[in-house]
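To start, the structure itself, in structure tokens.
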Amino acid sequence: MKTDMKADKRTDRKADRKSANGANGGSNGVDNMELLRSMLLQRRFEERTAEAYALGKIGGFCHLYIGQEAVSTGSISLLRPDDYIITTYRDHGQALARGMTPRSVMSELFGKVDGCSRGKGGSMHLFDRNLNFLGGHGIVGGHVPVGTGVGFAIKYRGGDQVCLCFMGESVVNTGAFHEALNMAGLWKLPVVYIIENNRYGMGTALERASAIHDIYERGAAYNMERAQCDGQDVFAVREAVQAALDRARRDSAPTLLEVRTYRFMGHSMSDAVSGTYRTKAELEEWQKRDPIVLLRMHMQENGELTEEQLQKLDEEIKAQVQDAWDFADQSPEPPPEALWEDVLVDTTT
Amino acid sequence: MPVITYRDALNQALREEMQRDDRVFLMGEEVAVYQGAYKVSKGLLQEFGEMRVVDTPITELGFAGVGVGAAMAGLRPVIEFMTWNFGVLALDQVLNAASKMLYMSGGQYPMPMVFRGPNGAALQLSAQHSQAFESWLAHMPGVKVVTPGTPYDAKGLLKSAIRDDNPVLFLEGEMLYNTKGEVPEAEYTIPIGKAELKREGEHCSIITNGKMALVAMQVADQLAKEDIRVDVVDLRTVRPMDVEAITTSVQKTNRAVVLEEGWELAGIGAQVVDYIQRECFDDLDAPVIRVHQADVPMPYAKNLEKLAKPDAAKTIAAVKKVMYLD
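Protein chains in written order, with the working numbering: chain P, 76 to 424; chain W, 122 to 447.
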């Protein structure tokens, strides 16, 4: 599924312009061009990932982030290098937004030794300790207590770092979520729990899985600040996440943030894009609010982006992704001895 | 040399390691204000404060995961399960997170942490509170599984476990906490993965671990009165298992009885027998016999529980059987 960057798919110009003019760049000196670059890189990368998967270069499960780029870029663009990120198996977008190189991510997807996890993890287990990117986890809900634990460590050492813990909306029904958020609310830990509510847990719609639908309200059970925002608008995401980061740094208090978004591809590469549990019409409706198109149009209307600049940016990014593909292709498979490496740390007692 | 309880040996180990390294903290139910459900953490809250001795809600899965996250962020957690029966709830964090993090991340995230708690049966605690988990936990790569039977072993091994940069699953015993033994005042550690010969004899090997080591030693002392002298190989660690200690003993005695607390099918003893048949086939003068719990959930009634559990009488009968003395 290729995104046509030129198509004007908006419905209500006025409403979109209003929300897009929200928290406009600002913190950390990140400008809109950088936001656009980050989101477009994820989009072009994921499009090529789908191709590579179809060609058999990527095996196993592969969960694409297309459509949700404003959530990753909007939130991660606000972080400091010493903040932490932990997420689910739908982790390519967040990894790239954090600054992991396309080469290291693509190589990992191809199962090569130059992958960020040395070919040992794959799509669902991207890690980069230098960027405090704590994976990449495959058990739904399993990583949420881990995020709480990172918050505990921050408080233990008296720091003002924050842990950003992403999850899908299905996670909120797991026991692990409940236990993790209760402790964060009880102990007041600096964790921002971001629910990427893309309305479907694999093939099950939110309304069929969750007793309440404004799921951020569950934060009340944990005495936790909570909010909901529009996940297709990168500025709305930034505004909501900034408030949560400030609260975490200042008060060591957690936040539950529900971000309403949509994935334009299926749950994974094995899942139909539409026609089974969701209609083509619904998908097309959401595609009218493509987060990249929204940002692009906002920038063009404010004279921040010309057609030529956009084309140039897109070509640069496509070249970068092609370079990643070529690099991954040429990177060797892990040597046989790698099978036995990193099961345990060698220790002398 | 001072004689102290297994409980106090663990308490000393925790205290010494928390003094030595301020990244080490203890977390679990009732570990702080209550001083520990079995008083293993007595006095630690007073000495180290509530950030380092942390009472949790009843949330094994949750706080085991908190430990994983804290370890990923550079701390060295000791996560206590009130019993390993409750630790089952946390198995996702132990198996799917702790044991695999280093491997899946390509070596970036070691898990320097300990999960500890009492394991196996006590007295009439009934089916849900009486299970031995060695074989479940030892099955997975990426962890070490330690089962000390004496105060000396408990202290030395817990210190090693805390210093180990890998996830160590540390299995104690309610029935062991009050037992006493000599423990030196000077600092010492015991390497993980090394068995110990607790009794020596040339007629038969008893290979065992955990609280069954005490049973095995009783058996050895009893049999010695009948002029039957047995080796007692206390494994102390079941993963990695000290195969050399097993084979050295069996090559000497030519007969083996494997004594364990758990059930038969896929139990720890089955692995011991596999090592023996592989490495000592030509040394054996009799098949190897296992002594273990009856293949039933643990019953409550006192007489039935006694029937279910492995004990000295059953072990003595097994030794005589492999010696063809029955």
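Don't be surprised by glycine CBs; every beta carbon is placed ideally from N, CA and C.
DSSP lists W:Ile-327 and W:Ile-410 as the beta-bridge partner residues of Val-378 (chain W).
At a C-beta separation below 9 Å, Asn-248 (chain P) has no neighbours in chain W, since its nearest C-beta there lies roughly 14 Å away.
Separation of Phe-291 (chain W) and Pro-410 (chain P) (C-alpha to C-alpha, rounded to the nearest whole angstrom) is 34 Å. The beta carbon of Lys-195 (chain P) sits closer than 6 Å to none of the beta carbons in its chain outside the five residues before and after it.
Listed along the chain, the chain P residues whose CB falls inside 8 Å of the CB of Asp-286 (chain W) are Val-420 and Thr-422. Listed as beta-bridge partners of Ile-270 (chain P) by DSSP are P:Met-242 and P:Glu-333. Judged by DSSP secondary structure, Glu-151 (chain W) falls outside any beta strand (DSSP E); it is assigned neither H nor E. Ile-125 (chain W) carries a strand assignment under DSSP once its states are collapsed to helix, strand and coil. Taken in chain order, the complete beta strand (DSSP E) segments of 3 or more residues contained in the region 298-380 of chain P are 300-305 and 330-335.
When DSSP states are grouped into helix, strand and coil, Asp-285 (chain W) belongs to the coil group. The residues Lys-319, Arg-320 and Val-353, in chain order, have a CB closer than 7 Å to that of Met-338 (chain W) in the same chain once the five nearest residues on each side in sequence are set aside.
Taking 7 Å as the upper bound on Cβ-Cβ separation, chain W lies near residues Leu-209, Gly-210, Ile-214, Gly-217, Pro-220 and Val-221 of the region 209-221 of chain P. The three-state reading of DSSP puts Val-353 (chain W) in strand, counting E and B together. Per DSSP, the continuous alpha helix (DSSP H) segment holding Arg-118 (chain P) begins and ends at 107-129. One alpha carbon belongs to Gly-208 (chain W), the other to Glu-181 (chain W), and they sit about 6 Å apart.
If you compare the alpha carbons of W:Ile-311, W:Val-412 and W:Thr-369 with that of Lys-435 (chain W), the shortest gap goes to W:Val-412.
If you look at Val-174 (chain W), you'll find it in the beta strand (DSSP E) that goes 174-176. Under DSSP, Asp-421 (chain P) shares a beta bridge with no residue. Secondary structure at Lys-265 (chain W): strand, using DSSP grouped into helix, strand and coil. Under the 10 Å beta carbon count, Ile-287 (chain P) is surrounded by fewer than 16 other beta carbons and is classified as exposed. A distance below 9 Å separates the beta carbons of Ala-242 (chain W) and Ser-251 (chain W).
Within chain W, the residues Gly-183, Gly-186, Val-187 and Gly-190 have their CB atoms less than 8 Å from the CB of Thr-223 (chain P), given in chain order. In the structure shown, Ile-392 (chain P) falls within a helical segment according to DSSP collapsed to helix, strand and coil. Contact between the region 110-127 of chain P and the region 144-152 of chain P is present: 3 or more CB-CB pairs across the two stretches fall below 8 Å. Among the residues of chain W, none has a CB under 9 Å from the CB of Arg-293 (chain P); the nearest is roughly 15 Å distant. If you ignore the 5 residues before and after Val-396 (chain P), its C-beta comes within less than 7 Å of the C-beta of Arg-119, Phe-120, Arg-123 and Pro-177, all in its own chain and listed in chain order. The Cβ atoms of Arg-353 (chain P) and Arg-283 (chain P) lie no closer than 9 Å to each other.
Within the model, the alpha-carbon separation for Met-175 (chain P) versus Met-108 (chain P) is close to 19 Å.
For Glu-408 (chain P), the closest alpha carbon among the candidates P:Gly-197, P:Lys-263 and P:Leu-130 is that of P:Gly-197. With respect to the 9 Å criterion, Glu-400 (chain W) and Ile-389 (chain W) are not classified as neighbours on the basis of their beta carbons. Within the region 400-417 of chain P, those residues whose Cβ lies closer than 8 Å to any Cβ of chain W are, in chain order, Glu-416 and Asp-417. Rounded to whole angstroms, the Cβ separation of Val-418 (chain P) and Pro-262 (chain W) is 5 Å, and the two are in contact under 8 Å. Taking the Cβ atoms as the reference, Val-371 (chain W) lies roughly 14 Å from Val-440 (chain W), outside the contact range of under 8 Å.
Beta-bridge partners of Arg-178 (chain P) (DSSP): none assigned. Non-local beta-carbon contacts of Met-139 (chain W) in its own chain, meaning distances under 6 Å to residues more than five positions away in sequence, involve Val-145 and Phe-169 in chain order. Between Gly-211 (chain P) and Asp-166 (chain P) a beta carbon distance of about 5 Å is seen, short of the 8 Å cut, so the two are scored as contacting.
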